[in-house]
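Working notes, structure below.
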Amino acid sequence: MNRLKAAVIFVFIGTLSACQPEVEQISKNKPMHSGFAQQFGEPVNKQQGLSFPRDHGPHHQQGIEWWYVTANLEADNGDTFGVQWTLFRLSVDDKNTATETSPWWNGQLYFAHFAIQSDTQHHAFEKYGRSGQVNITAQPFEARLDDWQLASKEATFLPLNLKAQQENYSANLVLANSPLVKHGEQGYSQKTHQGHASYYYSYPFLQAKGNITFAGETYQVTGDAWLDREWSSALIDPSQNGWDWFSIQADDKKQGGLMAFCIRNGQQSYDYCSASHITQSGQVRAIDNNDVTLQVLKTSELTTQTAQTTPSNKTYPIKWQLNVEGFEPITIEARNPDSRNQLSIPYWEGRIKTQGGFKGKGYAELVGY
Numbered sequence: 001m002n003r004l005k006a007a008v009i010f011v012f013i014g015t016l017s018a019c020q021p022e023v024e025q026i027s028k029n030k031p032m033h034s035g036f037a038q039q040f041g042e043p044v045n046k047q048q049g050l051s052f053p054r055d056h057g058p059h060h061q062q063g064i065e066w067w068y069v070t071a072n073l074e075a076d077n078g079d080t081f082g083v084q085w086t087l088f089r090l091s092v093d094d095k096n097t098a099t100e101t102s103p104w105w106n107g108q109l110y111f112a113h114f115a116i117q118s119d120t121q122h123h124a125f126e127k128y129g130r131s132g133q134v135n136i137t138a139q140p141f142e143a144r145l146d147d148w149q150l151a152s153k154e155a156t157f158l159p160l161n162l163k164a165q166q167e168n169y170s171a172n173l174v175l176a177n178s179p180l181v182k183h184g185e186q187g188y189s190q191k192t193h194q195g196h197a198s199y200y201y202s203y204p205f206l207q208a209k210g211n212i213t214f215a216g217e218t219y220q221v222t223g224d225a226w227l228d229r230e231w232s233s234a235l236i237d238p239s240q241n242g243w244d245w246f247s248i249q250a251d252d253k254k255q256g257g258l259m260a261f262c263i264r265n266g267q268q269s270y271d272y273c274s275a276s277h278i279t280q281s282g283q284v285r286a287i288d289n290n291d292v293t294l295q296v297l298k299t300s301e302l303t304t305q306t307a308q309t310t311p312s313n314k315t316y317p318i319k320w321q322l323n324v325e326g327f328e329p330i331t332i333e334a335r336n337p338d339s340r341n342q343l344s345i346p347y348w349e350g351r352i353k354t355q356g357g358f359k360g361k362g363y364a365e366l367v368g369y
């Protein structure tokens, strides 16, 4: 078992045992985000293609998988919020030795993240689960860890109900009315020059409605949400550090949406980029690395301190220029510069607004800083 996998298991077993994982111990191993460069399971098969409802469910042949929702919401009083809900599945049973169903172990690690933010505050929570605490089914669709869930309300996949609650924060949303779109080549999404790939599809134009609780106060909200589904055996090359990812929904609905990501190399330079332009009806124009560039315009230095560590500073980009073939330059800016999920696997996930060649709003994810 490699050191990264040992670190991941340490985090999960420590939490499942109601023990707080020692951040200093984890830091002695390889960075947690480098797990996305490790090989877990079989590479995705380009010839297999996507099939539904089958592919709403889990893919145990590939070791890394997630069900991912982000939402830009507005309350009745005009306040704005962002919500992220994610269920991750990670296989740590290389040889598929888990032959019997058990409430304790099936060769998979599960963890979920729930984050909620305003323009000035960001709160993130996590849960871990053994196999008996988790249910993931393709039809009827459900992705659940304890009482955090994303599930179909009817026999069809849409509409979905998203639920999560922790401390004085919660989300209870209905998500409906979006086309399904396939990124890359009919869902086969190349991530590196070396050929690492995932299967990747989205519901990019979900209409969100429901209620949230923020700092103990409940709001009725409406807005726009984006659901991502992705699975792979390795998303990046070991020489690479992480990625910047963006989902953007146009202010003018007729202009559709835009997804873009750029993988960063060991020197934190952008190494491989890709994008999808999505029409309102769900038609996708895949845009490859040669026609996508990203430049950081502004950064923010943020201090991290926990009970186990001394203060440390990390620099995150908070404003970019995105150049995509077919559009004038697009300026992307964070709504809340400190959108860090300071969890066992730390990363930045927050709302963005865009100007220039594509005016809209969305979410950014920054991994590996």
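Numbering (full-length UniProt numbering), first residue to last: 1 to 369. Glycine included, every Cβ here is placed at the ideal spot set by N, Cα and C. Keep in mind it's a predicted model, so treat the numbers as computed, not measured.
Q) With Thr293 and Gly256 assumed to form a contact (beta carbons below 8 angstroms), what rounded beta-carbon distance in angstroms separates them? A) Not a contact, Cβ separation roughly 21 angstroms.
Q) Excluding the five sequence neighbours on either side, which residues of its own chain have a C-beta within less than 6 angstroms of the C-beta of Asn313, listed in chain order? A) Glu301, Thr303
Q. If you draw a straight line from the C-alpha of Ala151 to the C-alpha of Asp228, how long is it?
A. 14 angstroms
Q) Beta carbon of Gln108, beta carbon of Ser233: below 8 angstroms? A) Inclusion of Gln108 and Ser233 in the CB contact set at 8 angstroms is not warranted, their separation being larger than that value.
Q: Quick one: using the 10 Å Cβ neighbour count with 16 as the cut-off for buried, is Thr222 buried or exposed?
A: exposed
Q. Is the distance from the Cβ of Phe52 to the Cβ of Trp66 below 8 angstroms?
A. no
Q | C-alpha gap between Gln149 and Val367, whole angstroms | A | 24 angstroms
Q: Pull up the CB-CB distance for Tyr188 and Val44, whole angstroms please, since I reckon it's below 8 angstroms.
A: 7 angstroms
Q: Would you mind stating whether Met259 and Ser269 have Cβ atoms separated by less than 8 angstroms?
A: No. Outside cutoff.
Q.
Check whether the segment 118–129 and the segment 153–163 are in contact - that is, three or more C-beta pairs closer than 8 angstroms.
A. no
Q. Which stretch, first to last residue, makes up the beta strand (DSSP E) that contains Gln166?
A. 160–166
Q: Compute the Euclidean distance between the alpha carbons of Pro317 and Ser178, then round it to the nearest angstrom.
A: C-alpha of Pro317 to C-alpha of Ser178: approximately 30 angstroms in a straight line.
Q: Look at Ala286 and Gly360 and say whether their C-beta atoms are less than 8 angstroms apart.
A: no
Q | Segments assigned beta strand (DSSP E), at least 3 residues, entirely inside the segment 100–158 | A | 108–117, 122–129, 134–138, 141–145, 148–152
Q. Can you round the beta-carbon distance between Ala350 and Gly82 to whole angstroms, since I take them to be within the 8 angstroms contact cut?
A. It is Gly, not Ala, that sits at residue 350 in the sequence shown. At roughly 6 angstroms, the Cβ-Cβ gap stays under 8 angstroms, so Gly350 and Gly82 are in contact.
Q) In whole angstroms, what separates the C-alpha of Lys353 from that of Gln62? A) 34 angstroms
Q | Terminal residues of the beta strand (DSSP E) in which Gly360 lies | A | 360–367
Q. What distance in whole Å lies between the Cβ atoms of Lys209 and Tyr272, which are believed to be in contact at a cut-off of 8 angstroms?
A. The distance from the Cβ of Tyr272 to that of Lys209 is about 37 angstroms, inconsistent with a contact at the 8 angstroms cut-off.
Q) Taking the C-alpha atoms as reference points, what is the distance between Gln139 and Ser339? A) 34 angstroms
Q | Cβ-Cβ distance between Thr80 and Tyr363 below 8 angstroms | A | no
Q) Which residues share a DSSP beta bridge with Ser170? A) Gln165, Thr213
Q. Comparing alpha-carbon positions, which option in Asn135, Ser239, Thr213 lies nearest Ala75?
A. With distances taken between Cα atoms, Ala75 lies closest to Thr213.
Q. What first and last residue would you give for the beta strand (DSSP E) that runs through Pro317?
A. 312–324 is the extent of the beta strand (DSSP E) around Pro317.
Q.
I need the boundaries of the beta strand (DSSP E) containing Asp244, first residue and last residue.
A. 240–250
Q: Report, in whole angstroms, the separation of the C-beta atoms of Gln166 and Phe125, which I expect to be a contact under 8 angstroms.
A: Between Phe125 and Gln166 the Cβ distance is about 4 angstroms, and since that is below 8 angstroms, they are a contact.
Q | When Pro337, Thr331, Ala112 are compared against Asn343, the one with the closest alpha-carbon | A | Before going further, note that residue 343 is Leu rather than Asn in the sequence given. Comparing Cα positions, the closest option is Ala112.
**Q.** Euclidean distance between Cα positions of Pro58 and Leu73
**A.** 29 angstroms
Q: Give the secondary structure of His277 by DSSP, where H, G and I count as helix, E and B as strand, and everything else as coil.
A: strand
Q) DSSP on Gln62, reduced to helix/strand/coil? A) If DSSP states are grouped into helix, strand and coil, Gln62 belongs with the strands.
**Q.** Counted within 10 angstroms of its Cβ, other Cβ atoms place Leu235 as buried (16 or more) or exposed
**A.** buried
(Q) Which residues does DSSP list as the beta-bridge partners of Gly82? (A) Asn72, Gln117
Q) Looking at the structure shown, is Lys298 part of a helix, part of a strand, or coil, going by DSSP? A) strand
Q) Distance, Cα to Cα, Asn341 vs Trp348? A) 6 angstroms
(Q) Going by beta-carbon coordinates alone, are Phe114 and Ala164 separated by less than 8 angstroms? (A) yes
Q | Member of Asn135, Phe261, Asn161 whose CA lies at the smallest distance from the CA of Gln207 | A | Asn161
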